[in-house]
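Student:
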Amino acid sequence: TTVEETLVLIKPDGVARNLTGQILARVEAKGYTIADLRMLEPSREMLVQHYAEHEGKPFFEPLVEFMGSGPVVAVRLRGNRVIEGFRSLAGATEPTTAAPGTIRGDLGRDWGESVQKNLVHGSDSTESATRELGIWFA
Ligand code: DAT
Ligand code: MG
Numbered sequence: 018t019t020v021e022e023t024l025v026l027i028k029p030d031g032v033a034r035n036l037t038g039q040i041l042a043r044v045e046a047k048g049y050t051i052a053d054l055r056m057l058e059p060s061r062e063m064l065v066q067h068y069a070e071h072e073g074k075p076f077f078e079p080l081v082e083f084m085g086s087g088p089v090v091a092v093r094l095r096g097n098r099v100i101e102g103f104r105s106l107a108g109a110t111e112p113t114t115a116a117p118g119t120i121r122g123d124l125g126r127d128w129g130e131s132v133q134k135n136l137v138h139g140s141d142s143t144e145s146a147t148r149e150l151g152i153w154f155a
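Mind the numbering: the sequence shown is residues 18 to 155 in this note's numbering, read in order.
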């Protein structure tokens, strides 16, 4: 077995739409363990660190602004191959193309503007998971 931990964020749109329980129910149903959880309004500093890989891209500023627009639920999620497994549960970045059965595919909306309101974040590698968990669960 390869027990890993990943950072899951329920973004401001997910919290505002009262989807926190449904999203957590999906990860629990999959057998993953909620090892830690907090709700917070992240600072700009945290968000700039979190999205460092996207700094300089045209969607960076709107993304940071959106992520700071309301409360976010941060989860330390644990399980076998949970990094890949949660990305699979979340679905593709764009809610429109995310497969049915995934969080983004079932619950995500096409808001017409950009794809920043896509409900959840999940770390994409062991390196990202370690780095991101350090930011959100310092
Ligand atoms: P993911 O969240 O699927 O890992 P990502 O890391 O490439 O996607 O991008 C981080 C977030 O930035 C993503 O959830 C939504 C937003 N985003 C990505 N690409 C975008 C684009 N081309 N235009 C607007 N927002 C974008
Ligand atoms: Mg990403």
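Even for Gly, the Cβ is constructed at its ideal location relative to N, Cα and C.
Quantities reported herein were computed from a predicted structural model and do not represent experimental measurements.
What residues in its chain sit with their C-beta under 7 angstroms from that of ALA33, if we drop five residues either side in the sequence?
Tutor: Around ALA33: GLY87.
Student: Just the C-alpha distance for GLN133 and MET84, rounded to the nearest angstrom, thanks.
Tutor: One C-alpha to the other measures close to 9 angstroms.
Student: Tell me which residues share the same chain as GLN39 and place their Cβ nearer than 8 angstroms to its Cβ, disregarding the 5 neighbours each side in the sequence.
Tutor: So the qualifying residues of the chain are LEU124.
Student: Should ASP141 be counted as a contact of ligand 2 given a C-beta to heavy atom distance under 8 angstroms?
Tutor: True, at least one ligand heavy atom lies under 8 angstroms from that Cβ.
Student: In the DSSP assignment, the alpha helix (DSSP H) including GLY122 goes from what residue to what residue?
Tutor: Element bounds for GLY122: 120-124.
Student: Under DSSP, the beta strand (DSSP E) around GLU82 begins and ends at which residues?
Tutor: Careful: GLU82 lies outside any beta strand (DSSP E), inside the alpha helix (DSSP H) at 77-84.
Student: Any heavy atom of ligand 1 closer than 8 angstroms to the Cβ of PRO88?
Tutor: Answer for PRO88: no, Cβ out of range of ligand 1.
Student: Are THR19 and LEU94 touching if we call contact CB-CB under 9 angstroms?
Tutor: Contact flag unset, no.
Student: Less than 8 angstroms separating the Cβ of ASN35 from some heavy atom of ligand 1?
Tutor: False, no ligand heavy atom lies under 8 angstroms from that Cβ.
Student: Could you give the residue range of the alpha helix (DSSP H) that holds LEU41?
Tutor: Start and end: 37-46.
Student: On the three-state DSSP scale, how would you describe THR15?
Tutor: Since the displayed the chain opens at 18 and closes at 155, residue 15 lies outside it and no answer follows.
Student: Taking the alpha carbon of SER140 as the point to measure from, which residue in ILE100, GLU70 and VAL44 has its own alpha carbon closest?
Tutor: Comparing Cα-Cα distances from SER140 to each of ILE100, GLU70 and VAL44, the minimum goes to ILE100.
Student: Let me check one thing: in DSSP terms, what residues is ARG95 bridge-paired to?
Tutor: Paired residue(s): GLU22 and THR50.
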